[in-house]
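Visitor:
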Amino acid sequence: MTGFTPENQAVPSPAPATKHVPELGPQAKPKRNKYAFACAILASMTSILLGYDIGVMSGAMIYIKRDLKISDLQIGILAGILNIYSLLGSCAAGRTSDWIGRRYTIVLAGAIFFAGALLMGFAPNYAFLMFGRFVAGIGVGYALMIAPVYTAEVSPASSRGFLTSFPEVFINAGIMLGYVSNLAFSKFPLKLGWRFMLGIGAIPSVVLAIGVLAMPESPRWLVMQGRLGEAKRVLDKTSDSPAEASLRLEDIKEAAGIPADCHDDVVQVSRRNSHGEGVWKELLLRPTPAVRRVMIAAIGIHFFQQASGIDAVVLFSPRIFKTAGLETDHEQLLATVAVGIVKTSFILVATFLLDRVGRRPLLLTSVGGMVLSLAVLGTSLTVIDQSDKKVMWAVVLSIATVMTYVATFSIGAGPITWVYSSEIFPLRLRSQGSSMGVVVNRVTSGVISMTFLPMSKGMTTGGAFYLFGGIATVAWVFFYTFLPETQGRMLEDMDELFSGFRWRDSKSNNKNSSSNPEVEIGLNKQ
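Its first residue numbered 1, the sequence shown is counted upward by one per residue in full-length UniProt numbering.
(1) Specify whether the segment 472-485 and the segment 301-312 touch according to this definition: at least 3 beta carbon pairs, one from each stretch, less than 8 Å apart.
(2) Since GLY141 and GLY94 should fall inside the 8 Å C-beta cutoff, what is the C-beta to C-beta distance between them, to a whole number of angstroms?
(3) Would a C-beta distance cut-off of 8 Å place GLY369 and THR404 closer than the cut-off?
(4) Mapping the DSSP letters down to three states, classify SER274 as helix, strand or coil.
(5) Are at least three pairs of beta-carbons, each pair with one atom in the segment 92-110 and one in the segment 440-457, less than 8 Å apart?
(6) By DSSP, does VAL383 sit in helix, in strand, or in coil?
(7) Nearest by alpha-carbon distance to LEU397: which of LEU198, PRO189, ILE320 and MET450 is it?
(8) Which residues in the same chain as ILE62 place their Cβ atom closer than 7 Å to its Cβ, once the five residues preceding and following it in sequence are excluded?
(9) Which same chain residues, not among the five before or five after LEU333, have their C-beta less than 8 Å away from its C-beta?
(10) Report the residue ranges of all alpha helix (DSSP H) runs contained in full by the segment 98-133; include only those spanning at least 4 residues, in chain order.
(11) Relative to the alpha-carbon of ASN172, which residue among VAL291, SER308, PHE425 and VAL56 has its alpha-carbon at the smallest distance?
(12) Considering only the alpha carbon of each residue, which of VAL406, ILE424, SER47 and PRO242 lies closest to SER86?
(13) If you drop the 5 nearest sequence neighbours on each side, which residues of the same chain put their C-beta closer than 6 Å to that of VAL395?
(14) Can you tell which of LEU372, LEU82 and PHE498 has its C-alpha closest to the C-alpha of GLY470?
(15) Hey, LEU228 and VAL169: beta-carbon distance below 8 Å or not?
(16) Go ahead and label GLY25 buried or exposed: buried means 16 or more other beta carbons lie within 10 angstroms of its beta carbon, across all protein chains shown.
(17) Note down the Cα distance separating LEU429 from MET224, rounded to an integer number of angstroms.
(18) Compare the C-beta of LEU119 against all C-beta atoms of chain D and say whether one is closer than 8 Å.
(19) Do you know how far the Cα of PHE316 is from the Cα of MET450?
(20) Can you tell me which of ILE210, VAL447 and LEU118 puts its alpha carbon nearest to the alpha carbon of GLN306?
(21) Taking 6 Å as the limit between beta carbons, can you name the residues of its chain near ILE203, skipping five residues before and five after?
(22) Expressed to the nearest angstrom, what Euclidean distance is found between the alpha-carbon atoms of MET494 and SER158?
(23) Just to confirm before moving on: does the CB-CB distance between ALA43 and ALA147 stay below 8 Å?
(24) Provide the residue span of the alpha helix (DSSP H) that contains CYS39, from first to last.
(25) For SER410, which residues from the same chain have a beta carbon less than 7 Å from its beta carbon, with the 5 sequence-adjacent residues on both sides left out?
(26) Out of curiosity, what's the CA-to-CA distance linking GLY358 and THR382?
(27) Check whether the Cβ atoms of GLY340 and MET176 lie closer than 8 Å to each other.
(28) How should PRO156 be labelled, buried or exposed, when 16 other C-beta atoms within 10 angstroms of its C-beta is the threshold for buried?
(29) Is the beta carbon of THR365 within less than 7 Å of some heavy atom of the ligand COA?
(30) Less than 7 Å between C-beta atoms, sequence neighbours within five positions excluded: which residues of the same chain meet that for PHE134?
(31) Counting along the chain, where does the alpha helix (DSSP H) carrying HIS163 start and finish?
(32) Using the Cβ count rule (16 or more neighbours within 10 Å means buried), how would you classify TRP99?
(33) Suppose you measure from the CA of LYS69 to the CA of ALA152; what does that come to, to the nearest Å?
(34) Please list the terminal residues of the continuous alpha helix (DSSP H) segment that includes ARG428.
(35) Return the chain-ordered list of same chain residues with a C-beta closer than 7 Å to the C-beta of ALA79, the five sequence neighbours on each side being excluded.
(36) I think GLY201 touches ASP53, with their Cβ atoms under 8 Å apart; what is that distance to the nearest whole Å?
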């Protein structure tokens, strides 16, 4: 075993270097790495847990309210409180994943959610149901944080956007499964139907726990533990070429403070680097200008993703469709399934555009479409609310704009939030930094979910969507002025990118990057 201290580390070169994989030919592109693809799918399956809970609760709350005879306020708290409970999991996940590894943190997330789903399925009353939500929420918090981090760390730069969008794909798949479950169990006896809807959510967590055994550990976590030989073997499998694997290992070693000339399979790494010591101080109390900007970007993108009202639409779709004029439970649940189909379809489209179009153009286009959809939805619902008779054009327009809203969200703001926030933090700060973003995401989602029904009564449903539209407009301005393009960048290069970003230069920078005939896997080193 080789030991070293900060005093004998190699001094980094004063001039940053640009690295490229050697040209493969005028039209050649690296093939999609199937091993990295499989790892991303298995890790991202944790996101099904959150998606299923959101989707199934939208319909289950109809029957829970009737069976347990609870108020709208209690229903709103029941729906949104899981997001608040998930904070415990999200806050603990960063440190846990630094201690036991990314892979076993995924197993832990699945096990906790399994217990929570069973508790909810067997709940005899409201208090017991809330306890089940508490346990499931902790599992969801772990899952939300660890899936994008693991996927970003295992993915090659050429397809990182595609692979890191998988957690959002599986959230949508989970939502879709929840909607279908609502429809399937809606005809069951009142006391059984909603319990089956919630309890069957334990099944995906069992599949996840078994599947994760086939996954390797994150190469970046292995390097942080000094296990260079294992990290090299994982990088050889998950990179597009041997040259890229070597460059990725070199950059990770530098970020971890390991000398470039150290080639032992196992080395001694300081406790500060290997277990995340002092990270919170570096993130919150004494951040560098680049880290401060990264923190603002990550917190901002997570806040605006939820503050624009997506979880209100997903959770309360049956209520929205009832307001729009659909009268029976079956009609409302069918329309909700249509929302799930649209949402899942467009997230699949987004996965193929992220590494072609880039994060920034796709995000700005997406949020622009959301603003327009929310404005029209607010107008049509206001017309319905103010009219004494059924206004068919407004009913059709309301349903159509719910679909366009979830479509435009899913093609950009949905997946890019998780992709972007998982790739911009420096290696040593990544776990805790990502968990901070998830905390903001879940708090905002919880507040929106718990206040949507009272807000709809106080300012009408149409007024609530006008508010969401105004927030989405502010989000567009923030994204345009503050978020640089990260497409094609190595994870270890984000410090340099955020240090020197000026929004007026972003368009020309993108052009320069895309015109390069070589496959770029890293730019300026930290």
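Just so it is clear, CB atoms sit at the ideal spot from N, CA and C, and this is done for glycine as well. Just so it is clear, the structure is predicted and the values come from calculations on it, not from any experiment.
Guide: By the coordinates alone:
(1) yes
(2) Within the sequence shown, numbered from 1, the residue matching residue 141 stands at position 141. Within the sequence shown, numbered from 1, the residue matching residue 94 stands at position 94. Rounded, the Cβ-Cβ distance is 11 Å, inconsistent with contact.
(3) Taking the sequence shown and counting its residues from 1, the one referred to as residue 369 is at position 369. Taking the sequence shown and counting its residues from 1, the one referred to as residue 404 is at position 404. It is a contact, given that the beta carbons lie within the stated cut-off.
(4) Sequence index remark: in the sequence shown, residue 274 carries index 274 (1-based). Unreliable placement is indicated for SER274, whose pLDDT of 49 sits below 50; the coordinate value is still reported in the next sentence. The answer is helix: DSSP assigns SER274 an H, G or I state.
(5) no
(6) As a working mapping, residue 383 is identified with position 383 in the sequence shown. Here VAL383 carries a helix assignment [DSSP, helix/strand/coil].
(7) On the sequence shown, position 397 is the one that residue 397 refers to. Checked all of LEU198, PRO189, ILE320 and MET450; the closest Cα to LEU397 is ILE320.
(8) Against the sequence shown, residue 62 aligns to sequence position 62. The beta carbon of ILE62 is closer than 7 Å to those of PRO318 and ASP329 in its chain, skipping five residues each way along the sequence.
(9) As a working mapping, residue 333 is identified with position 333 in the sequence shown. GLY59, TYR179, ASN182, LEU183, SER186 and PRO318.
(10) 102-121
(11) As a working note, residue 172 is residue 172 in the sequence shown. Nearest C-alpha to ASN172: VAL56.
(12) As a first step, residue 86 is located in the sequence shown; it is residue number 86 there, counting from the start. For the residues VAL406, ILE424, SER47 and PRO242, the minimum Cα distance to SER86 belongs to SER47.
(13) The sequence position of residue 395 within the sequence shown is 395, counting from 1. Cβ within range, chain order: ALA324 and GLY325.
(14) As a first step, residue 470 must be located in the sequence shown, where it is residue number 470. The shortest Cα separation from GLY470 among LEU372, LEU82 and PHE498 belongs to LEU372.
(15) Counting from 1 along the sequence shown, the entry for residue 228 is found at position 228. Counting from 1 along the sequence shown, the entry for residue 169 is found at position 169. No, the pair does not count as a contact, with Cβ atoms beyond the cut-off.
(16) Numbered from 1 along the sequence shown, position 25 holds the residue referred to as residue 25. With a pLDDT of only 43 at GLY25, under 50, the local geometry of the prediction cannot be trusted, and the value read off the model is given with reservation. If you draw a 10 Å sphere on the C-beta of GLY25, you find fewer than 16 other C-beta atoms in it, and that means exposed.
(17) Indexing the sequence shown from 1 puts residue 429 at position 429. Indexing the sequence shown from 1 puts residue 224 at position 224. C-alpha separation (whole angstroms): 12 Å.
(18) This model lacks chain D altogether, as it is built from one protein chain only.
(19) In the sequence shown, the residue the question calls residue 450 occupies position 450. In the sequence shown, the residue the question calls residue 316 occupies position 316. Cα to Cα, the separation comes out at about 11 Å.
(20) The sequence position of residue 306 within the sequence shown is 306, counting from 1. Among ILE210, VAL447 and LEU118, the Cα nearest to that of GLN306 belongs to VAL447.
(21) Numbered from 1 along the sequence shown, position 203 holds the residue referred to as residue 203. The answer is none, since no qualifying residue turns up.
(22) As a working mapping, residue 494 is identified with position 494 in the sequence shown. As a working mapping, residue 158 is identified with position 158 in the sequence shown. Going by the C-alpha atoms only, they are around 16 Å apart.
(23) Counting from 1 along the sequence shown, the entry for residue 43 is found at position 43. Counting from 1 along the sequence shown, the entry for residue 147 is found at position 147. Yes, the pair counts as a contact, with Cβ atoms nearer than the cut-off.
(24) Indexing the sequence shown from 1 puts residue 39 at position 39. Unbroken alpha helix (DSSP H) run through CYS39: 34-44.
(25) Stepping through the sequence shown from its first residue, residue 410 is reached at position 410. Same-chain partners within the cutoff: ASN172, LYS343, PHE346, ILE347 and ALA350.
(26) Translated into positions along the sequence shown, residue 358 becomes position 358. Translated into positions along the sequence shown, residue 382 becomes position 382. Using only the alpha carbons, I get a separation of about 37 Å.
(27) The residue you call residue 340 lines up with position 340 of the sequence shown. The residue you call residue 176 lines up with position 176 of the sequence shown. Their beta carbons are under 8 Å apart, which means GLY340 touches MET176 by this criterion.
(28) Here residue 156 refers to the residue found at position 156 of the sequence shown. Classification of PRO156: buried, given that the 10 Å Cβ count is 16 or more.
(29) Summarising the ligand content, the structure contains no ligands, and the ligand COA is consequently not present.
(30) Within the sequence shown, numbered from 1, the residue matching residue 134 stands at position 134. Closer than 7 Å at Cβ, skipping near neighbours: TYR85.
(31) Working through the sequence shown from its first residue, we reach residue 163 at position 163. In the sequence as displayed, the identity of residue 163 is Leu instead of His. It spans 160-164 - the alpha helix (DSSP H) in which LEU163 sits, taken as one unbroken run.
(32) If you number the sequence shown from 1, residue 99 lands on position 99. By the 10 Å Cβ count, TRP99 comes out exposed.
(33) Counted from its first residue, the sequence shown places residue 69 at position 69. Counted from its first residue, the sequence shown places residue 152 at position 152. Those two C-alpha atoms are separated by around 45 Å.
(34) Counting from one through the sequence shown, the residue named residue 428 turns up at place 428. No alpha helix (DSSP H) contains ARG428, which DSSP labels as neither H nor E.
(35) Here residue 79 corresponds to residue number 79 of the sequence shown, with the count starting at 1. Hits under 7 Å: MET57, MET61, LEU315 and SER449.
(36) Counted from its first residue, the sequence shown places residue 201 at position 201. Counted from its first residue, the sequence shown places residue 53 at position 53. 6 Å between Cβ atoms; contact.
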